[in-house]
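See below for the structure under consideration.
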Amino acid sequence: FLINLSHGVYYAFFSVHLADLGYSATAIGLLWALGVIAEIALFFLLPRLRNRFAPLFLMLLAIALMALRWLLIGYQAEVFGWLLFAQLLHAASFGLTHAVGIWVIDHQFPGRAHARGQAILSAISYGGGAALGLYLAGLLWGRVEPGMAFAAMTVASLLAFVLMVVSRRVVRWSPGEREAGP
Numbered sequence: 076f077l078i079n080l081s082h083g084v085y086y087a088f089f090s091v092h093l094a095d096l097g098y099s100a101t102a103i104g105l106l107w108a109l110g111v112i113a114e115i116a117l118f119f120l121l122p123r124l125r126n127r128f129a130p131l132f133l134m135l136l137a138i139a140l141m142a143l144r145w146l147l148i149g150y151q152a153e154v155f156g157w158l159l160f161a162q163l164l165h166a167a168s169f170g171l172t173h174a175v176g177i178w179v180i181d182h183q184f185p186g187r188a189h190a191r192g193q194a195i196l197s198a199i200s201y202g203g204g205a206a207l208g209l210y211l212a213g214l215l216w217g218r219v220e221p222g223m224a225f226a227a228m229t230v231a232s233l234l235a236f237v238l239m240v241v242s243r244r245v246v247r248w249s250p251g252e253r254e255a256g257p
């Protein structure tokens with residue numbers, strides 16, 4: 076829920092933010108494409124990551140990188156190198172969080188229950204979380220500096236991080252779960 080909520084300002088105002096900083100429409104489009112390319116590259120690496128790291132570790136890593144991404148976009152977007160790096164982090168902020176979420180659903184909702192688990196994840200996270208994130212983005216944008224709007228999304232990311240750490244005492248992330256480390 077909080078992971079998708081934290082994408083609200085990005086999905087609603089990333090292009091506006093960059094245009095306000097003087098980036099051309101072509102540059103903005105290419106930056107969006109770079110994020111998608113990074114995500115696709117991550118999906119090619121996923122089998123190796125799944126074999127090497129515990130799902131909780133991957134989720135915590137992805138959320139930490141997501142928080143960094145929002146800060147970079149909010150406060151360093153005028154520095155093109157930082158913006159390129161932030162867009163490469165789309166692989167973590169969306170790609171890895173999504174993949175680990177599906178991985179956990181596979182283990183929590185086996186067999187015929189899998190479709191139900193997928194529907195619950197989609198409704199709560201991609202439905203409710205994204206909707207609330209976009210709503211909050213609309214409330215923030217224009218009322219606060221862009222950096223502060225992205226910082227608010229960083230707070231949501233960090234809250235998700237804390238909840239993930241706490242959840243390891245409650246949620247069994249996968250069969251034969253390893254510790255949170257690699």
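Counting along the sequence shown from 1, when you hit position 46 you're at 121 in this note's numbering, and nothing is skipped either side.
Note that the Cβ used here is the ideal one computed from N, Cα and C, for glycine as well.
With DSSP run on the structure shown, which of helix, strand or coil describes Val219? strand
If you run the structure through DSSP and keep just helix, strand and coil, what is Phe225? helix
If we ignore side chains and look at the alpha-carbon of each, how far apart do Leu80 and Ala231 end up? 7 angstroms
Could you tell me whether the segment 140-155 touches the segment 212-231, using the rule of 3 or more Cβ pairs below 8 angstroms? yes
Run of the alpha helix (DSSP H) containing Val84, from where it starts to where it stops: 83-95
Examine the Cβ distances between the segment 174-188 and the segment 155-163 and report whether three or more of them are shorter than 8 angstroms. no
Report buried or exposed for Thr101, applying the criterion of at least 16 other Cβ atoms within 10 angstroms of its Cβ. exposed
From His189 to Leu96, what does the alpha carbon distance come to, in whole angstroms? 45 angstroms
Cutting at 6 angstroms between CB atoms, please list the residues of its own chain near Leu93, excluding the five before and the five after it. Ile103
Within the continuous alpha helix (DSSP H) that includes Ala166, where are the two ends? Here Ala166 belongs to no alpha helix (DSSP H), and DSSP marks it neither H nor E.
The alpha helix (DSSP H) that contains Tyr150, what's its start and end? 130-151
Residue closest to Leu142, alpha-carbon to alpha-carbon, out of Ser242, Gly213, Ile78, Gly217: This sequence places Ala at residue 142; Leu is not what is there. Comparing Cα-Cα distances from Ala142 to each of Ser242, Gly213, Ile78, Gly217, the minimum goes to Ile78.
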